[in-house]
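Enquirer: Numbering (the numbering used here), first residue to last: 37 to 226. For each residue, glycine too, the CB sits at the ideal point set by N, CA and C. On a predicted model such as this, the values are computed, not experimentally measured, just so you know.
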Amino acid sequence: MSIKSDRWIRRMAEEHRMIEPFEPHQVKEVNGQRVVSYGTSSYGYDIRVSNEFKLFTDINSTIVDPKNFDPKSFVDIKGESCIIPPNSFALARTVEYFRIPRNVLTICLGKSTYARCGIIVNVTPFEPEWEGFVTLEFSNTTPLPARIYANEGVAQVLFFEADADDVCETSYRDRGGKYQGQSGVTLPKL
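#1: Would the region 67–77 and the region 177–188 be scored as touching if the rule is three or more Cβ pairs under 8 Å?
#2: Could you have a look at K214 and say whether DSSP puts it in helix, strand or coil?
#3: With distances taken Cα to Cα, identify the nearest neighbour of P224 among F162, S175, L127 and V140.
#4: Do you know whose CA, among N87, I83, L145 and K108, lies nearest Y133's CA?
#5: Classify N49 as helix, strand or coil using the three-state DSSP reduction.
#6: Note the first and the last residue of the continuous beta strand (DSSP E) segment covering T76.
#7: Strictly by DSSP, which residues pair up with D112?
#8: Once you ignore the five residues that flank E116 on each side, which residues in its own chain have a CB closer than 6 Å to its CB?
#9: Ordered along the chain, which non-local residues of its own chain (more than five positions away) have a Cβ less than 6 Å from that of I45?
#10: Using the rule of at least 16 other Cβ atoms within 10 Å of the residue's Cβ for burial, across every protein chain shown, is A200 buried or exposed?
#11: Is the distance from the Cβ of N139 to the Cβ of E197 below 7 Å?
#12: So what does DSSP say about D42, is it helix, strand or coil?
#13: Beta-carbon within less than 7 Å of T222's beta-carbon, same chain only, minus the 5 sequence neighbours each way: which residues are those?
#14: Within this structure, are the beta carbons of T130 and F169 separated by less than 7 Å?
#15: Any idea if P179 is buried or exposed, counting beta-carbon neighbours within 10 angstroms, 16 or more meaning buried?
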């Protein structure tokens, strides 16, 4: 298994629609304004967060239970940014839609700009033959409110390609993965 470079990422995006919309270069400025960078980097792709957020709320005093998740635990927010209360979290989705090839696995890590502000971005691996918009989790670990900017970079995806003789026997699609083809901010499923 080997990590893939910017050339490989551009080729896979252009020939196989692996990432849509795709930005072939690193974008640091939009309309004369500095942004948290996104697009292709040396050995990865910096993903953007859309303008759709689900902000965690304790207004209904429910228990967070991954086996029986109450959608009333979130308030929907749509906008240019989302402010996460202290010691709380929000869910969001990527701007980009991904189609991961059978011989590829990705790992996604938060960008340092947010990490240095105490904002942790958590994303599970994109498994072979998974596709969809990525659901992102933002944790505000600080005692202060924290802002997330829509349509700007939030995390970097690293792509690992299996050796030709070591492609997985059973892919996410083969297993009928429950998050296959997700289109919006997707809550936990059992």
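Expert: So, from the listed chains and residues:
#1: Output reads yes: the region 177–188 touches the region 67–77.
#2: coil
#3: L127
#4: Out of N87, I83, L145 and K108, I83 has the C-alpha closest to the C-alpha of Y133.
#5: It is Ala, not Asn, that sits at residue 49 in the sequence shown. Assigned with DSSP and collapsed to three states, A49 falls in helix.
#6: Q69 to S77
#7: K90
#8: Closer than 6 Å at Cβ, skipping near neighbours: A186.
#9: T76 and Y81
#10: exposed
#11: yes
#12: In this structure, D42 counts as helix in the three-state DSSP scheme.
#13: T171 and Y215
#14: yes
#15: exposed
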